[in-house]
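Scroll down for the structure; my scribbles are underneath it.
Chains as they are written, first to last, in our numbering: chain A, 2 to 88; chain B, 121 to 466.
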């Protein structure tokens, strides 16, 4: 992740899915392509849902790091409208 | 000519998957929308429990969007949804499920979103006769009317049985390529899924809402009764999905984690509740919901001890954390099973 801007942080602990996805989605609206967001979660479902949401919306997962009872998903914001039907 | 744009209500089930696929197949630009009410059934909510860990932990709405190759917008409607749940104009179904009001609400929200974002129409996976309350021939026009969506709402799976909508009259979709499904049989949907090559899809028995679940509705009713009012916060209804709930006295309820995953989840609420930690044996974390005095806490401790590995021991050591008060430890005799009354289980 060297050379990239410092990540913004989002605390999504104690939220059950899909709230971590919704909070991520709402935060990314105000970010620019290439920006980094680190989302701290405690619901195991977020480990699957945030990457799935990123895949369909054109964002890139950089890292998933584990902690005690929680984990952090680091993603890079993609270009808007990255995914189009029929692509 | 620019493609027409449609918003698809995506629940994560087969019908909305197929409805969106039918319209995608006609060259329409489709994006999905999914609403989070707080009462939604999510596969990974259950995955908090370790014993369910073999099951897929996916969010089915996201999975459907990925299968279709469309964007999905998940909208938090928890606050607005309270009025739907508390004051349903059309009443409840078999449990606390306000299905017809809920459908009207979601179509209205989707329509507002569609208009605000420059989409031409919206579509849903409704099928006439599929559901006893919200998907009957006589109630489907109610949804159209009360949502305000009017002719902007297309139901591709049963469109041929309904008056033409805007998407058809404007030529954005070919009515002849839409469907005439009706009734509770799933065979037409399964045949269509096979045609499109969908071999895996979610088939939730009670739909996508906890409110159709008898046990969940019972817990919600208990919460309202105990508090003497029906207002609720998101944490209230999320906690109803987790743990074993027992109300040994009217003034408090004990929530016990059933395994490690639930204990981990309940641990996040310890700063908001009086709670119990079992020190001498492996066992559940217990949250106390309500105003409990020391005698109540001792009763809760004996009850919690009943569900730990020391249930047959002479004594179990428990740490009691009083919310906003002191922390103390106690040795209790686990409550014998005969003393745990059936009616305590919420």
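For every residue, glycine included, the Cβ atom is placed at its ideal position computed from N, Cα and C.
Owing to the predicted nature of the structure, the values given are computational and were not obtained by experimental measurement.
By the rule that beta-carbons nearer than 9 Å mark a contact, residue 79(A) does not touch chain B. Around the beta-carbon of residue 449(B), fewer than 16 other beta-carbon atoms lie within 10 Å, marking it exposed. Following the DSSP letters along the chain, one finds residue 338(B) inside the alpha helix (DSSP H) bounded by residues 334 to 347. Residue 66(A) is outside the set of residues whose beta carbon lies under 9 Å from a beta carbon in chain B.
Residue 388(B) is positioned such that its CB atom lies closer than 9 Å to that of residue 43(A).
Contiguous alpha helix (DSSP H) elements confined to the stretch 373 to 452 of chain B occur at 380 to 387, 414 to 426, taking only those with 4 or more residues. For residue 38(A), the enclosing beta strand (DSSP E) stretches over residues 37 to 42. Around the beta carbon of residue 154(B), a 10 Å sphere encloses 16 or more other beta carbons of the protein chains shown; the residue is thus reported as buried. For residue 196(B), the closest Cβ of chain A is nearer than 9 Å. Contacts with chain A (Cβ-Cβ distance below 9 Å) from the stretch 180 to 193 of chain B involve 181, 182, 183, 185, 186, 188, 189, 190, 191, 192, 193, listed in chain order. Within chain A, the residues 19, 20, 23 have their CB atoms less than 8 Å from the CB of residue 156(B), given in chain order. Residues of the stretch 37 to 50 of chain A that bring their beta carbon within less than 9 Å of a beta carbon in chain B comprise 43, 44, 45, 46, 47, 48, 49, 50, in sequence order.
The bridge partners DSSP lists for residue 322(B) are 133(B).
In the DSSP assignment, residue 13(A) falls within the unbroken beta strand (DSSP E) covering 9 to 13.
DSSP lists 149(B) as the bridge partner or partners of residue 125(B). Residue 13(A) has a beta carbon lying at 9 Å or more from every beta carbon in chain B. Counting C-beta pairs closer than 8 Å gives fewer than three between the stretch 43 to 57 of chain A and the stretch 254 to 269 of chain B, which falls short of the contact rule.
When the Cα atoms are used, residue 439(B) and residue 233(B) turn out to be separated by approximately 50 Å. Residue environment: residue 453(B) is assigned as exposed (fewer than 16 neighbouring CB atoms within 10 Å of its CB, all protein chains considered). The alpha-carbon separation between residue 392(B) and residue 294(B) amounts to approximately 56 Å. Proximity of chain A to residue 178(B) at the Cβ level (cut-off 9 Å) is accounted for by 46, 49, 50, 53, in chain order.
DSSP places residue 220(B) in no beta strand (DSSP E) but in the uninterrupted alpha helix (DSSP H) bounded by 219 to 236.
Leaving aside the five residues that flank residue 74(A) on each side, the residues in its chain whose CB is nearer than 6 Å to its CB run, in chain order, 40, 51, 65. Under a criterion of Cβ atoms nearer than 7 Å, no residue of chain A is adjacent to residue 317(B); the nearest Cβ is some 16 Å distant. In this structure, residue 375(B) and residue 406(B) form a Cβ contact; the two beta carbons are roughly 7 Å apart against a cut-off of 8 Å. A Cβ-Cβ separation of about 6 Å places residue 242(B) in contact with residue 272(B) under the 8 Å criterion. Only 193, 194, 195, 196 from the stretch 193 to 223 of chain B bring a Cβ to less than 8 Å from some Cβ of chain A. DSSP places residue 261(B) in the uninterrupted alpha helix (DSSP H) bounded by 260 to 267. In this structure the stretch 348 to 355 of chain B does not lie against the stretch 329 to 337 of chain B, because fewer than three pairs of beta carbons, one per stretch, are closer than 8 Å. Boundaries cannot be given for residue 248(B), as no beta strand (DSSP E) includes it and DSSP labels it neither H nor E. Collapsing the DSSP output to three states places residue 368(B) in a strand. DSSP lists no bridge partner for residue 305(B). The alpha carbon of residue 227(B) has as its nearest neighbour, out of 212(B), 213(B), 214(B), 245(B), the alpha carbon of 245(B). A straight line joining the alpha-carbon of residue 188(B) with that of residue 433(B) spans about 56 Å. Residues 168, 382, 385, 386 of the same chain have their beta carbon placed closer than 7 Å to that of residue 362(B), with the five preceding and five following residues left out of the count.
In this chain, residue 77(A) is not harboured by any alpha helix (DSSP H); it is covered by the beta strand (DSSP E) spanning 72 to 77.
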